[in-house]
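Numbering (the working numbering), first residue to last: 10 to 275.
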């Protein structure tokens, strides 16, 4: 079994939902009130075509003067037989600003085992993206709204509702540039809706399905749950080497500034 743990650090009250407890949520008003969480802890169960592993992710939200910054740390490690095939950890970092349009990354790194990390450096003032991989440095124009591999999945948590509704219209496609330290890609997603069965129960979700073209065969599909602040509750991907990966939500814990909003265990 493979887990992702996501933390958005601050102080505060908590909303918890656990797969193993089958009682109803006692008070879900905080989850649907439109309040922005200050801390989110997510666990996923992850399966691949050749084995399982463990992945922990930590997201810190920090206030400096009148700005909020984010820092995501992702640490993945295979387990069991899969560990023999894929030894060593994959450690990814993303940091940047939380803006009124969502996440704006400034730095991304991807390190596998003991190799040199691949880097993506976002210079928003000069509109230049610098990529560093295997000793080679390249620069690309930095388009508005560009995300990195980590920030993409959590970006919609911080997008205002009106803008999110405009982008996530059924049948509509939207485009986003995504950097992963090795390359910059323009990804196109088709928006759908689906009622998804999860270990936490049935959820109404937006489904983002990547549209594949002749330039790239990497598949990606993301399910976002509006009742949980647009947190990704399921992610499917097929990598260049054909490896299939699926992550499904197992547990959610949400914190808010207001101590009176403590809620809920499933």
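Every residue gets a Cβ at the ideal spot worked out from N, C-alpha and C, and that includes glycine.
Predicted, not measured: the structure shown is a model, and the values here were computed from it.
Segment contact, 8 Å Cβ cut-off, at least three pairs: the segment 174-184 with the segment 120-135 = no
How many whole angstroms separate the CB atoms of residue 179 and residue 201, which I take to be in contact at a CB cut-off of 8 Å?
-> 7 Å
By how many angstroms is the C-alpha of residue 159 removed from the C-alpha of residue 69?
-> 13 Å
Measure from the alpha carbon of residue 61 to the alpha carbon of each residue in 113, 257, 74 and 264, then state which is nearest.
-> 257
Please look up how many angstroms separate the CB atoms of residue 196 and residue 185, rounded, as I've assumed it's under 8 Å.
-> 6 Å
Continuous beta strand (DSSP E) assignments of at least 3 residues falling wholly in the segment 161-199 = 182-188
Below 8 Å between beta carbons: does that hold for residue 58 and residue 260?
-> no
Element boundaries [beta strand (DSSP E), containing residue 127] | 127-132
Leaving aside the five residues before and after residue 122 along the sequence, list all residues of the same chain whose C-beta is less than 6 Å from its C-beta, in chain order.
-> 97
Is it right to say residue 85 is buried, meaning 16 or more other beta carbons lie within 10 angstroms of its own, or is it exposed?
-> buried
From residue 242 to residue 231, what does the alpha carbon distance come to, in whole angstroms?
-> 8 Å
Could you please give the first and the last residue of the uninterrupted beta strand (DSSP E) stretch that includes residue 142?
-> 137-142
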